[in-house]
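These notes concern the structure reproduced below.
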Amino acid sequence: MDGKGWERVRMARLGGSSASRGREAAQLRQVSSQTVRLGRVQPQAPSHRTIYCNDREANLLARFKVNSVSTTKYNILTFLPKGLFEQFRRVANLYFLMISILSTTPISPVSPVTNVVPLSLVLLVSLIKEAFEDWKRFQNDIAINSTPVDVLQGENWETVSWRKLQVGDIIRVKQDEFFPADLLFLASTNPDGVCYIETANLDGETNLKIRKALERTWDYVFPEKASEFKGEIQCEQPNNSLYTFTGNLIVENQTLPLSPNQILLRGCSLRNTVHIVGAVIFTGHETKVMMNSMSVPSKRSTLERKLDKLILTLFGGLFFMCLIGAIGSGVFINRKYYYLGLFEDVEQQFNPSNRFVVSILTMFTLITLYSTIIPISLYVSIEMIKFIQCAQFINKDLRMYHAETNTPALARTSNLNEELGQVEYIFSDKTGTLTRNLMEFFKCSIGGVSYGVGITEIERGQAQREGRALNEIQKSDTVVYEKGFNFDDDRIMRGAWRNERDPEIFKEFFRCLALCHTVLPEGDESPEKIVYQAASPDEAALVTAAKHFGFFFYRRTPTTVQLRESHVEKMGNIQDVSYEILNVLEFNSTRKRQSVVCRYPNGRLVLYCKGADNVIYERLAGTNQDIKRLTREHLEQFGSSGLRTLCLAYRDLTIDTYENWNEKFVQAKSSLRDREKKLDEVAEMIEKDLILIGSTAIEDKLQEGVPDCIDTLSRAGIKIWVLTGDKMETAINIAYACNLINNDMKQLIITSETDAIREAEEKGDPVEISRVIRDSVSHDLKRCLEEAQQDLHIFGQKLALVIDGKCLMYALDPSFRVDLLKLSLNCSSVVCCRVSPLQKAQVTSLVKKGARRITLSIGDGANDVSMIQAAHVGVGISGLEGMQAVMASDFAIAQFRFLKDLLLVHGRWSYIRLCKVITYFFYKNLTFTLTQFWFTFHTGFSGQRFYDDWFQSLYNVIFTALPVIILGLFDKDVSASLAKKYPQLYKEGIRNTYFKWAVVGVWAFFAFYQSLIFYYFTTTASENGHNSSGKIFGLWDVSTMAFTCVVITVNLRLLMACNSITRWHHLSISGSILAWFVFIFIYSGVMTPNDRQENVYFTIYVLMSTFYFYLTLLLVPIVALFGDFLYLGLQRWFFPYNYQIVQEIHRDEVDSISRTEFLEIGNHLTPDEARSYAIAQLPREKSKHTGFAFDSPGYESFFASQAGVYVPQKAWDVARRASVRSSKRTSQR
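Whatever position you read off the sequence shown (first residue = 1), add 508 for the working numbering.
If you want it as structure tokens, here you go:
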């Protein structure tokens, strides 16, 4: 830009030289486009971003990002190099690349096609999958970038696409449209510069949020006026913090502080507003939503890590086989074998004069020859299986579909399917996860008096456990029920509170409920039709309660809240009162409280505050000790009833006090650095010397099916921990209500609510408080450990640990961490209360890394994200607290009870299927390679190949590929209903029963045995064989025969490994065998100049003309599989897996009868009759001596233990003895 151009820019501005602006923009160029690492808020550079509104030329030099976004991984130039790089990061693919390169050298005994073809097919499939997924992302990007928006050009609105927007542009967004970039909100068609937005795309919350423009910019609604706007914005650099913003707007030398209330984020939509006008501040990939579009942290399953060890073992086996061949070659090579032509001019690989070189070169030769021992198609097959399992089975399971919210289950990653079948520890949030997050105002305490006569679900459960009757008070005829309000007490309803001892404190209580919030009213301004949009269900419940108490909140403006108050002056009197809201001190997880400063119509200044009891009590004045004591007692009672509590307090302010404080508050709001910290410090100055009004108690009922789900998961061997921010009493009672804790368990409690700790806290010395809590935690941990070892190992009693957040903070210290872990692992249930989000993640990591057990975290809110990401498997609940937990999770479900299906059915099936897939791959490749290995001993270790190159190339990718995928998709040992009926079956996954080295060893043994059969049976039988023309069989005749036997046998062996056989199994196995015959018929019948193809020319036709072919084809698979047949039969008879017992019981049942159908009969029996009846109803074996299902007596003892029925042990219960031993070993763990 020339000097005149800059002069024109300068003239358009108010103060400041254009050159300085240019230099400033140039300095900001790099910072504005800096890369910000995703995943957490990163510390920003101290410099800030300067934006000139409505002036593109002035912003040119800064080179801000364009507004076009791309979510694709590749482009045309990077697809091939980047895609291949991603593929070759896998060890197996890199290994085969090296083998393919080796196969092009002269020392290779096989054609390059042998290794290049399967590698190419694997890479092609993977790249096509990547390209397809990226193409869908590209199409989506085009649609988004082409969305139209109105931009101010001169004094008119012009429609352009989103991608053409630039930083500093003034734009207009209409109702129900999405914001195309991060905007500074300037003006709105609503009065007082207000607009309503929906943030569902950011956090899943559908409730509307209010945003308010600065009063200085309210006039810029129309283009004529907006064209005059020439402000300057100084703000923070782009970052991924959705809920913070720091900046200033400079207009006509006046600096105005900006806050998140003036920011409209890309991805949000405009509601209930005709249109708004805004200035673009962040575009494209620098918008907050794009900087938050991070993928879930990459997690690898435990099974996949164990697979790496198996692959390394195969590498070891490959090296050992090659070493034997290399040594053998060096020993064997000798000129005495004159017929080999080993003369002086022979090539180095066969030169007896240098045996060392011969051995080394033979080593490389054999590496290429035996390369098939590593299954190249294994990873692709597993990926396909996992992807289809997620897309077709988990996502479309109707048992995990929640009809009320129209929410199906969602697998957000396919990497962890089998991990779901091995989970041993579940870490769960309480609110919204175990409970419904549908809050109802239930009880309250005002002025030291408790009100509310209802009985909670928790209280009913307590009474039932203790065997006492509840004195339920009959609800009054005039009781009012509304969503969020389930309160009944005639003493304060319908204005009756005026007759209580101190009516003034009731007014303060109700006004605190009606004024101290951020709720937005919607709809008609009548109590019956109004709808409250709240950030949390608690807030809506409190405002609804105020309405029913006669303090009806019906209208909000940016500066006022209007209430319709009843019975204040006298009974029946109704008046509209407008309260001016001067300041709002927002709630956050650190402050745990919310305050408003408001001015009454008569000029009275009041601070109303509500928050957690421990936070409010720390800030109370030293008066009214009786109310404090009584309210604390009521808080404990409410907590023990499972209710969520808040304390309410107020403080009268003088004008001088307020004005002095407000000056500091405005300064803190204008700060560009550490604004949040400074605001918290300023809030502390005024939130003190509070007067306690009372407390509220809100009920959050348990979700449907939670107790049954927890009981079932416990019987499956899964230990469940609840990590919650609630009080200890509330957490314990919720744990009782959902069967996490019962009366048979001994509770070990570590709490900071002790006399010694309270005494130290009253003195106020932080060092002393820390020392006392630390000593207390150390003592409690040692005491509980001793009790745990005594009760668990001597008396066999189950234990439950309860610990609060303060004690947990010290218990997680490195010096106590080991003791905490030992104690926790000995407990059946653990409840951590008053814990922070960070502590949730620390506890999860403690078990994950310290105990090396597979963990699952489940939650529904933003405070659960760290816990979800810390566990092996993260599950998000699609609940009422937004979608942040879901966005960070690996799997998403709508209700906690769906965990039963996710783990016991899909998780278990996936684990068993993938174990079979991996071990079968290992078996079939080892079998194939060993036949080549045995041939090496007959060729003087020269590296001569046994099979044709194409046989070796297509073995894994055509002739044995499809059946193993079908096995991984459709194999089912027991049905979904039986998997949930017998949850103990899940323990086999926890113990990793199906992928132990012993299991791999069995498969390896039979691979070894079968390879000997394939090689020696076919070679020995062919020694005296001859074809129809009288010629003896040659190498390619024998190898083709052997390969035919290998293909048929390994496919039939897969059929023996299946628990359920479908038409897909028949089609895939018969199709694979047929594919081999079709291939060999064509391949043998075509003659080309290629020397290698001449080897098998007409071979299959010659073979099939002999009796030898059919006899071998019949006998070899039978002899080879006989050992497997015998082993499987003996294993099923003497050492059955638990699922095999269940198969025996239910083999002839079409539809299992639920035990609940017999409850009505059982209720009328005596205890002895009931026990006899329960034994009679236990499942029975119905074997008919078919297949491997042998008849075994005594299975009822296994099922009786699940049903809680005592059955005497029988001496002849032989078949279960192995499982009994394994059960004992498990219990000792």
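Built from N, CA and C at the ideal position, the CB exists for glycine as well.
State the Cα-Cα distance for the pair residue i and residue j, rounded to the nearest angstrom.
i, j, result
"residue 826", "residue 1438", "10 Å"
"residue 1800", "residue 809", "This structure does not reach residue 1800, given that the chain is present from 509 up to 1737, and the question cannot be answered."
"residue 564", "residue 677", "7 Å"
"residue 592", "residue 630", "11 Å"
"residue 889", "residue 1473", "6 Å"
"residue 966", "residue 721", "46 Å"
"residue 625", "residue 940", "53 Å"
"residue 1619", "residue 881", "29 Å"
"residue 1700", "residue 1432", "Confidence in residue 1700 is poor, its pLDDT being 35 and thus under 50, which makes the residue's placement too unreliable to answer from."
"residue 1284", "residue 1278", "10 Å"
"residue 1238", "residue 1147", "4 Å"
"residue 1423", "residue 1644", "18 Å"
"residue 1743", "residue 1170", "For the chain, the structure presents residues 509 to 1737; residue 1743 sits outside this window and is missing."
"residue 1505", "residue 812", "15 Å"
When you compare each of the options to residue i by their alpha carbons, which one comes out closest?
i, options, result
"residue 951", "910, 1164, 1202", "1202"
"residue 755", "622, 1068, 557", "557"
"residue 1524", "1445, 1470, 1576", "1445"
"residue 1064", "1021, 1178, 964, 702", "702"
"residue 1608", "1588, 1616, 1620", "1588"
"residue 1655", "777, 1513, 1151, 1482", "1482"
"residue 892", "1615, 1099, 633", "633"
"residue 790", "1100, 571, 1283", "571"
"residue 1590", "1458, 1398, 1212, 944", "1458"
Less than 6 Å between C-beta atoms, sequence neighbours within five positions excluded: which residues of the same chain meet that for residue i?
i, result
"residue 1113", "1107, 1161, 1166"
"residue 1258", "1288, 1311, 1315"
"residue 1225", "1495, 1498"
"residue 698", "781"
Between residue i and the rest of its own chain, which residues show a CB-CB distance below 7 Å, the 5 nearest in sequence each way excluded?
i, result
"residue 1003", "1058, 1074, 1075, 1079"
"residue 1631", "1514, 1517"
"residue 1451", "617, 870, 873, 874, 877"
"residue 924", "807, 809, 1381, 1398"
"residue 1269", "1277"
Going along the chain, which residues of its own chain have a beta-carbon closer than 8 Å to the beta-carbon of residue i, five neighbours each way excluded?
i, result
"residue 596", "602, 605"
"residue 1256", "1292, 1295, 1296, 1307, 1308, 1309, 1310, 1331, 1335"
"residue 1379", "935, 1352, 1356, 1363, 1364, 1365"
"residue 1651", "1481, 1482, 1567, 1697"
"residue 1784", "No information on residue 1784 is available, as it lies outside the stretch 509 to 1737 that the chain covers here."
"residue 1470", "1576, 1579, 1580"
Going by DSSP, what residue range makes up the alpha helix (DSSP H) through residue i?
i, result
"residue 565", "564-567"
"residue 1267", "1263-1271"
"residue 746", "Looking at the DSSP string, residue 746 is not in any alpha helix (DSSP H), and its letter there is neither H nor E."
"residue 1625", "1615-1642"
"residue 1204", "Taken as a continuous stretch (DSSP letters only), residue 1204 belongs to no alpha helix (DSSP H), being part of the beta strand (DSSP E) at 1199-1210."
"residue 1590", "1571-1593"
"residue 912", "Premise fails: residue 912 is in no alpha helix (DSSP H) and is neither H nor E."
Could you spell out where the beta strand (DSSP E) holding residue i opens and where it closes?
i, result
"residue 664", "664-669"
"residue 959", "957-959"
"residue 1611", "That residue, residue 1611, is in no beta strand (DSSP E); its alpha helix (DSSP H) goes 1607-1611."
"residue 1433", "Careful: residue 1433 lies outside any beta strand (DSSP E), inside the alpha helix (DSSP H) at 1416-1444."
"residue 1399", "1399-1401"
"residue 936", "933-936"
"residue 1759", "Here the chain covers residues 509 to 1737 and nothing more, so residue 1759 does not appear."
Does the beta carbon of residue i come closer than 8 Å to any beta carbon on chain D?
i, result
"residue 1292", "Any reference to chain D falls outside this structure, which holds one protein chain only."
Inter-stretch contact (C-beta, 8 Å, three-pair minimum) for the stretch 945-960 and the stretch 1215-1224: Result no; under three Cβ-Cβ pairs closer than 8 Å.
Given 8 Å, three or more beta-carbon pairs between the stretch 1371-1378 and the stretch 1264-1271: Touching, no.
Contact the stretch 1181-1190 vs the stretch 1132-1142: 3+ CB pairs below 8 Å: In this structure the stretch 1181-1190 does not lie against the stretch 1132-1142, because fewer than three pairs of beta carbons, one per stretch, are closer than 8 Å.
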